[in-house]
Amino acid sequence: KLGKLEVFAGGGVGKVPANFRGIVYYDGTQTSDMTKLFIQPSIGLGSDFVDFSGGVRISAVNVSRAMRLFAEPELTIKLGYKHVRLVASIGLAL
36 KLGKLEVFAG GGVGKVPANF RGIVYYDGTQ TSDMTKLFIQ PSIGLGSDFV DFSGGVRISA
96 VNVSRAMRLF AEPELTIKLG YKHVRLVASI GLAL
């Protein structure tokens, strides 16, 4: 039980505040709608107590009808037993 293949998917919605102070044609604030969808395949190694994995999260972020794609490499460590685990993850949005 050493090698692992995981696939996560998710999404979210919200509002993003923006401050446009000092721009010649617009000087004020605005709140935009935002959605994010992602899929994150990863591979790793693990035991009964500790798991290490790494992968690339592919995200589609839509802010006010302008969509951008991101590749986000990430590393994850999970510590604990079957039903109680501490999970820490670090990544970079490119």
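Under my numbering, residues 36 to 129 are what the sequence shown spells out, in order. Yeah, the Cβ is synthetic: ideal placement off N, Cα and C, and Gly gets one too.
Query raised in the report: Which residues bound the beta strand (DSSP E) around VAL85?
Result: Its beta strand (DSSP E) spans residues 85 to 98.
Requested in this report: Give me whichever residues DSSP pairs with LEU110 in a beta bridge.
Outcome: DSSP lists GLY89, ILE125 as the beta-bridge partner residues of LEU110.
Requested in this report: Name, in chain order, the residues that DSSP records as bridge partners for VAL51.
Outcome: According to DSSP, VAL51 bridges with SER67.
Query raised in the report: Given that a residue counts as buried once 16 or more other Cβ atoms are within 10 Å of its Cβ, and exposed if not, what is ARG92?
Result: When all chains shown are included, ARG92 counts as buried.
Query raised in the report: In whole angstroms, what separates the C-alpha of THR111 from that of ASP86?
Result: The C-alpha of ASP86 is placed about 8 Å away from the C-alpha of THR111.
Query raised in the report: Bridge partners of SER77, per DSSP?
Result: For SER77, the beta-bridge partners assigned by DSSP are GLU41, GLY90.
Query - Per-residue DSSP class, three states only, for ARG56 - result: ARG56: coil per DSSP, three-state reduction.
Query - For ILE74 and THR66, the rounded distance between their alpha carbons - result: Rounded to whole angstroms, THR66 to ILE74 spans 27 Å at the Cα level.
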